[in-house]
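In terms of our numbering, the numbers along the sequence shown are unbroken and rise by one, the last being 170.
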Amino acid sequence: MKSGPTCGGPCARDRLPLPLSAGLCAEQRPLLDALACVDDPTPAIRELDAITRAATTPNGRTARPFNPLSREDRTLFEVLLAGEYALHGFTNRDLRSKLGRTPFPLAKKPEKQPGQVTRLLRRLHAHCLIAKVPRSRRWRVSLGGRRLMSSAIKLREVAFPKLFAQAA
3 MKSGPTCGGP CARDRLPLPL SAGLCAEQRP LLDALACVDD PTPAIRELDA
53 ITRAATTPNG RTARPFNPLS REDRTLFEVL LAGEYALHGF TNRDLRSKLG
103 RTPFPLAKKP EKQPGQVTRL LRRLHAHCLI AKVPRSRRWR VSLGGRRLMS
153 SAIKLREVAF PKLFAQAA
């Protein structure tokens, strides 16, 4: 019988207090090792729940939530995850020009678009998806934002259609 866990990680028995670890019988040890290797989806679900609820800005205002299954939010996430902004970040103007070439619903009047994108940047910042580059007018996608936005795109494009087809 194998003594270590199958996932290659540390043994679950090693993390138990000594009296509990010594009292395990041979049949219970493999079960405990298997349970130690199970991935917990709770943090990912918490992060997804966080963007689907209204967020509070530092000045006490609320920011609208995002809908990971909506076309507009998916388009916005795809634009933000473009590789051209990874090094130096992006500005309001960069985001406006990129969103103008997509089906994202920008204002018809060009003079209203900068304000609309500013409110969008505040909303993204309130949900911690982007962060300000110090001493500049540029923004960068945060590490958590990159992970969450790419997961939301994959959820909409891959996982949801598969689950929908299986349910039919």
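Even for Gly, the Cβ is constructed at its ideal location relative to N, Cα and C.
On a predicted model such as this, the values are computed, not experimentally measured, just so you know.
- Taking a 10 Å sphere around the C-beta of F166, we find fewer than 16 other C-beta atoms and assign the residue as exposed.
- If you check the CB distance, P67 and I53 come in under 8 Å.
- The C-beta distance from F106 to E74 rounds to 6 Å, short enough to fall under 8 Å.
- DSSP places V143 within a strand segment (E or B) once states are collapsed to three.
- A Cβ-Cβ separation of about 4 Å places A65 in contact with A128 under the 8 Å criterion.
- The C-beta distance from G117 to L108 rounds to 11 Å, too long to fall under 8 Å, and the pair is not in contact.
- A Cβ-Cβ separation of about 16 Å leaves Q115 out of contact with R139 under the 8 Å criterion.
- A buried status is given to K100, since no fewer than 16 other beta-carbon atoms sit within 10 Å of its beta-carbon.
- Scanning P112, M151, F92 for the CA closest to the CA of S72 turns up M151.
- Here the alpha carbon of G147 sits roughly 17 Å from the alpha carbon of T93.
- In the structure shown, the three-state DSSP call for F92 is strand.
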